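Q: I have a structure here, written as structure tokens, and I will follow up with some questions on it.
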Amino acid sequence: MPELPEVETIARALRRAVVGRTLTRFYGYTEKLRQPLDAATINRSVKNRSIVAVARRAKFIVLTLDHGGAVVIHLGMTGSLRIDKSPRRAHDHAVFALDHGEKLVYNDPRKFGLIKFCPTDAELKILLGKLAVEPLAAAFTPAYLAAKNARAATPIKTQIMKQEIVVGVGNIYASEALHRAGVAPERPAKSLTAAETAALVAAIKDVLKESIKHGGTTISDYRQLSGREGNFTRRLRVYDRAGLDCRHCGGKIRKITQAGRSTYFCEKCQV
DNA sequence: CAGTCGCCCTGCGTGC
DNA sequence: TGCACGCAGGGCGACT
Numbered sequence: 154m155p156e157l158p159e160v161e162t163i164a165r166a167l168r169r170a171v172v173g174r175t176l177t178r179f180y181g182y183t184e185k186l187r188q189p190l191d192a193a194t195i196n197r198s199v200k201n202r203s204i205v206a207v208a209r210r211a212k213f214i215v216l217t218l219d220h221g222g223a224v225v226i227h228l229g230m231t232g233s234l235r236i237d238k239s240p241r242r243a244h245d246h247a248v249f250a251l252d253h254g255e256k257l258v259y260n261d262p263r264k265f266g267l268i269k270f271c272p273t274d275a276e277l278k279i280l281l282g283k284l285a286v287e288p289l290a291a292a293f294t295p296a297y298l299a300a301k302n303a304r305a306a307t308p309i310k311t312q313i314m315k316q317e318i319v320v321g322v323g324n325i326y327a328s329e330a331l332h333r334a335g336v337a338p339e340r341p342a343k344s345l346t347a348a349e350t351a352a353l354v355a356a357i358k359d360v361l362k363e364s365i366k367h368g369g370t371t372i373s374d375y376r377q378l379s380g381r382e383g384n385f386t387r388r389l390r391v392y393d394r395a396g397l398d399c400r401h402c403g404g405k406i407r408k409i410t411q412a413g414r415s416t417y418f419c420e421k422c423q424v
């Protein structure tokens, strides 16, 4: 699944490819996404409407249509988008036909994603309005995170993955940011010093920005809109590197489980 | 309430 | 080879 850098990479490419295009038809081939996919309603809503903007909010992609209304897409763990004219492939669950004959195709083996049409800003707000601050926004500051951490016994790794605290940070970048900040993942959130909190906020921003610059991280399914893999994978310092040497200090990378998710860290340089 | 667990679903790698 | 099992970028509801 794509985390913030992967969704941002896709959204940027999508913006270049589809803004100004008109949707001629929507096809859905399954109803069983994370939220039921109502193809008939979506088709009726988007048909002959043009796309005026593409945005990302948290891990959601928002296609704003003319005359109001928006299509919201979440890629779950294994979702991807592509634009082409090729025949249907396994796990292609939805298709937006475009006016120049190409198709925007939603593919998702595990069906953890969603596609939803929001006719009004109010409906959009129900879906996106409760999301917390964007990590790359100026409002995500050490003071903000410190306030959220103040009374939390939650391990800091679990804490920064909570979408009600800060959005977009998933399992890869939580481990990566903690390594960059030199903070051990099992530390209770409230135990971080002001300096550590500041380092962590900076590390989160840095790792996300760097990953966006390199087109995101491909573990298995993630692809850019072009079909290419992300190039940040080779720059990961701890994620999926259990047993290997830490690139920073030469110590061994360890893997543990927190809240049911794998965490990777270096025992030597994270304290 | 904070925190963890199981579940949604499919595919892949591992080990027997 | 084949099967069983565990695990995988997310997120939600149901527990303790």
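In this note's numbering, the protein residues as written are 154 to 424. Glycine included, each C-beta is placed from N, C-alpha and C at the ideal position. Please read all numbers here as calculations on a predicted model, not as lab measurements.
1. Could you say which of 294, 344, 378 lies nearest to residue 354 if we only look at CA atoms?
2. Counting only runs that start and end within the segment 192 to 279, where is the beta strand (DSSP E) found for 3 or more residues in a row?
3. Could you check where the alpha helix (DSSP H) with residue 423 kicks off and where it finishes?
4. Which residues share a DSSP beta bridge with residue 398?
5. Taking the alpha carbon of residue 210 as the reference point, which residue from 223, 201, 378, 238 has its own alpha carbon closest?
6. Compare the C-alpha of residue 362 against each of 348, 343, 329 and name the closest.
7. Figure out for me which residue from 266, 381, 327, 231 has the closest Cα to the Cα of residue 356.
8. Take every Cβ of the segment 229 to 244, pair it with every Cβ of the segment 301 to 314, and state whether three or more of those distances are shorter than 8 Å.
9. Smallest Cα separation from residue 208: which of 259, 168, 194, 320?
10. Considering only the beta carbon of each residue, do residue 365 and residue 155 sit closer than 9 Å?
11. Quick check on the DSSP output: the beta strand (DSSP E) that includes residue 176 runs from which residue to which?
12. When DSSP builds the beta bridges, which residues end up paired with residue 411?
13. Helix, strand or coil for residue 286, going by three-state DSSP, please let me know.
14. Okay, do the segment 214 to 229 and the segment 265 to 272 touch, 3+ Cβ pairs below 8 Å being the bar?
A: Once the coordinates are examined:
1. As a first step, residue 354 is located in the first sequence; it is residue number 201 there, counting from the start. Residue 294 is the option with its Cα nearest to residue 354.
2. 202 to 210, 213 to 218, 223 to 227, 233 to 237, 245 to 251, 256 to 260, 267 to 271
3. The residue you call residue 423 lines up with position 270 of the first sequence. Premise fails: residue 423 is in no alpha helix (DSSP H) and is neither H nor E.
4. Position 245 of the first sequence holds residue 398. For residue 398, which the question treats as bridged, DSSP gives the partners 405.
5. Along the first sequence, read from residue 1 onward, the residue named residue 210 stands at position 57. For the residues 223, 201, 378, 238, the minimum Cα distance to residue 210 belongs to 223.
6. For this step, residue 362 is matched to residue 209 along the first sequence. The shortest Cα separation from residue 362 among 348, 343, 329 belongs to 329.
7. Residue mapping note: residue 356 aligns to position 203 of the first sequence, counting from 1. Here the closest residue by C-alpha is 327.
8. no
9. In the first sequence, residue 208 corresponds to position 55, counting from 1. Measuring from the Cα of residue 208, the nearest candidate turns out to be 168.
10. Numbered from its first residue, the first sequence carries residue 365 at position 212. Numbered from its first residue, the first sequence carries residue 155 at position 2. No, the Cβ-Cβ distance between residue 365 and residue 155 is not below 9 Å.
11. As a first step, residue 176 is located in the first sequence; it is residue number 23 there, counting from the start. Where residue 176 is concerned, the enclosing beta strand (DSSP E) stretches over 175 to 181.
12. For this step, residue 411 is matched to residue 258 along the first sequence. Its beta-bridge partners are 414.
13. As a working mapping, residue 286 is identified with position 133 in the first sequence. Looking at residue 286 - three-state DSSP - the assignment turns out to be strand.
14. yes
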